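Inspection log for the structure reproduced underneath, given as structure tokens.
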Amino acid sequence: MSDELPGVSMYCRVNDEESCTVHRDTPLIISVSMVNDVAATAASHNAPIEDEIRRLEERLEAGHMDQEEFDAAAERLRREMVRIKVYRIGGPGGWLHFIKIQSLTGEEWGDVDWPLWPLTHHPEVEVAEIDASTTCYVELGFDPDDPKRPEGELQIRAVAKLFGDETIESEAARVNFLAEGLPKAERAKEEVLVAKGEYALKRGLHDEALRHVQAVLKAKPSSIPALGLLAEIEESRGNLKEALTAFETAFDEFRKQSKMRDPPRYFIKKIRLLRARLEPEQA
């Protein structure tokens with residue numbers, strides 16, 4: 055086989071962007087992903103070679119070539135294949151603890167001392183293998199109004215230590231931390247309140263998440279995002295009947311609002327799953 059190709063690319067985004075502005079009273083979500091992004095190219099390169107080797111095996115089994123001919127032909131083909139290195143990251147406590155967020159001060163990068171909360175990560179294992187089919191992804195949350203919130207514009211990046219003491223880093227993302235909170239007119243907007251509610255739910259702060267949802271539904275009872283989030287909150291709390299009711303209400307609103315054309319497959323899936331889970335209780 056040929057030389058191994060370098061594999062892992064690392065990406066860092068702030069509130070789903072390469073650059074963002076955050077007010078003092080809004081959360082910052084840093085998302086980090088690691089992808090073995092040459093694996094798909096290598097798989098495409100290797101696939102026809104593997105097919106050709108299988109055809110040679112069929113000819114060998116059919117008696118159309120002898121073992122020596124097969125071995126020589128198969129070896130020539132195998133030398134054309136590309137080897138993809140499988141990278142590993144992790145250890146006790148899980149792989150996400152081997153990810154560091156750094157900020158640029160002057161010309162020096164250094165680890166931030168912000169209290170960053172793991173909101174979600176995949177895969178949920180201690181040691182992850184980054185191969186053709188596995189992407190490592192983590193979201194880290196920086197709470198609104200945290201006393202360690204800096205002010206002004208910063209460049210940040212993610213750094214990961216892989217097995218073998220290999221270190222990879224992302225390109226820099228930019229965050230402009232504002233000292234002031236959102237303007238009053240912005241605070242009550244549906245998308246702002248729902249975003250804050252989603253963040254609170256990921257943090258496990260159910261009461262805070264519910265407070266944001268209720269503020270939306272009080273002003274707009276037909277809000278599909280708020281109804282969907284209400285269902286997620288109730289399910290997270292273990293209130294399956296209330297979660298089912300909220301998902302069904304969100305689905306009904308979805309059907310009423312003709313401009314919403316895409317089928318609400320997520321709602322349908324959740325409704326089916328919750329009904330199945332509730333059936334034994336209702337039997």
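With the working numbering, you'll find the sequence shown wraps up at 337, consecutive numbering, no jumps. We put the CB at the ideal spot given by N, CA and C, even for glycine. Bear in mind the structure is a predicted one, so any value in this text is a computation, not a measurement.
Check	Outcome
Ranges of the beta strand (DSSP E) found wholly within the stretch 107-188, counting only runs of at least 3	141-144, 153-159, 162-165, 171-176, 181-184
Backbone CA spacing between residue 263 and residue 91 [nearest angstrom]	36 angstroms
Closest residue to residue 173 among 82, 201, 164, 329 (Cα-Cα distance)	82
Closest residue to residue 152 among 159, 161, 142 (Cα-Cα distance)	142
N-terminal and C-terminal residue of the alpha helix (DSSP H) that residue 290 is part of	278-291
Distance between residue 184 and residue 62 (C-alpha atoms, nearest Å)	8 angstroms
Proximity below 8 angstroms, CB of residue 139 to CB of residue 167	no
Endpoints, the alpha helix (DSSP H) within which residue 303 is located	294-310
Counterpart residues of residue 75 in DSSP-defined beta bridges	230
Nearest-angstrom beta carbon gap, residue 297 and residue 328 [assumed within contact, 8 angstroms]	6 angstroms
Sequence-distant residues of its chain with Cβ nearer than 7 angstroms to residue 146 (five each side left out)	180
Other residues of its chain near residue 236: CB distance less than 8 angstroms, five sequence neighbours each side excluded	77, 79, 80, 246
The stretch 126-133 touching the stretch 93-109, judged by at least three CB pairs closer than 8 angstroms	yes
CB of residue 267 within 8 angstroms of CB of residue 294, strictly	no
6 angstroms CB neighbourhood of residue 58 in its chain, flanking five on each side removed	Because residue 58 carries a pLDDT of 43, less than 50, the predicted location of this residue cannot be relied on, and no value is offered for it.
As assigned by DSSP and simplified to three states, the class of residue 259	coil
Closest residue to residue 308 among 276, 289, 254 (Cα-Cα distance)	276
Three-way DSSP call (helix, strand, coil) for residue 351 in this model	Nothing can be reported for residue 351, as the shown portion of the chain is limited to 55 through 337.
Where the alpha helix (DSSP H) through residue 67 begins and ends	Here residue 67 belongs to no alpha helix (DSSP H); instead the beta strand (DSSP E) covers 62-68.
Contacts around residue 250, its chain only, beta-carbon distance under 6 angstroms, and the 5 residues preceding and following it disregarded	266
Alpha-carbon to alpha-carbon, residue 190 and residue 124	40 angstroms
Residue environment, residue 319, which counts as buried when at least 16 other CB atoms sit within 10 Å	exposed
Spatially closest choice to residue 110 from 291, 127, 98, 95, by CA coordinates	127
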